[in-house]
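Counting in full-length UniProt numbering, the sequence shown runs from 1 upward without gaps.
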Amino acid sequence: MNVSIRKAEQVDYKSLLPLFRQVHELHVSVRPDLYKENATPVVQGLFESQLSDDHQHIFVATLGDEVVGVIVTKEEEISENSFVKARKVFVINNLCVAEKHRKKGIAKRLPQYTFDFGKGLGVDSIELGVSEKNTSAIEFYESIGMTTKSRKMEFIVK
Numbered sequence: 001m002n003v004s005i006r007k008a009e010q011v012d013y014k015s016l017l018p019l020f021r022q023v024h025e026l027h028v029s030v031r032p033d034l035y036k037e038n039a040t041p042v043v044q045g046l047f048e049s050q051l052s053d054d055h056q057h058i059f060v061a062t063l064g065d066e067v068v069g070v071i072v073t074k075e076e077e078i079s080e081n082s083f084v085k086a087r088k089v090f091v092i093n094n095l096c097v098a099e100k101h102r103k104k105g106i107a108k109r110l111p112q113y114t115f116d117f118g119k120g121l122g123v124d125s126i127e128l129g130v131s132e133k134n135t136s137a138i139e140f141y142e143s144i145g146m147t148t149k150s151r152k153m154e155f156i157v158k
């Protein structure tokens with residue numbers, strides 16, 4: 001299988017929308033109290049603004065001309081203060097592989113590409129958020145060497 005990874009381009013939007021929709025539908029199913037149903041969770045204007053932002057990077061995995069995966073990232077600077085040290089963090093905001101192309105190693109190649117890209121930027125760490133209920137994603141992230149940094153907890157008042 002000849003998977004290539006490259007920077008996303010404006011012409012990729014229509015191919016990426018089903019992938020963004022897959023991720024959003026998962027979020028809606030896990031936390032309908034936080035996420036609302038939306039057939040277009042990433043509007044074209046947002047996508048284009050991400051592409052033009054020098055601190056955001058979207059990479060796509062392709063098989064031939066078909067877009068089969070995406071990873072959306074953002075560089076963040078943490079300023080030093082009396083509490084924390086200055087750091088440069090590369091945040092993964094979205095990772096998705098088309099359902100029909102899963103279990104083929106594409107999902108491992110996208111983060112590895114991102115890890116290498118982040119190293120080239122001189123980041124201190126690469127981080128992401130994942131729902132506690134998404135156990136398959138947690139297992140996947142652990143399988144590629146990621147560890148739990150912290151846990152965000154809540155008490156829902158209703």
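By construction, the Cβ of each residue, glycine as well, lies at the ideal position given by its N, Cα and C atoms.
The model shown is predicted, which means the values in this text are computed figures rather than measured ones.
Would residue i be called buried (16 or more neighbouring beta carbons within 10 Å of its own) or exposed?
i	result
residue 20	buried
residue 135	exposed
residue 8	buried
residue 34	exposed
residue 11	exposed
residue 59	buried
residue 42	buried
Only counting the same chain, and skipping five residues up and downstream in sequence, which positions put a Cβ closer than 8 Å to that of residue i?
i	result
residue 128	91, 92, 93, 95, 141, 146
residue 86	77, 78, 79, 80
residue 52	none
Beta-carbon within less than 6 Å of residue i's beta-carbon, same chain only, minus the 5 sequence neighbours each way: which residues are those?
i	result
residue 22	96
residue 61	3, 5, 68, 69, 106, 110
Which residues in the same chain as residue i place their Cβ atom closer than 7 Å to its Cβ, once the five residues preceding and following it in sequence are excluded?
i	result
residue 89	76, 78, 123, 124, 125, 127
residue 160	One cannot answer for residue 160 here, as it falls past the ends of the chain, which runs 1 to 158.
residue 149	127
What are the start and end residues of each continuous beta strand (DSSP E) run of 3 or more residues lying completely inside the UniProt domain "N-acetyltransferase" (3–158), in chain order?
3–7, 56–63, 66–78, 87–97, 125–128
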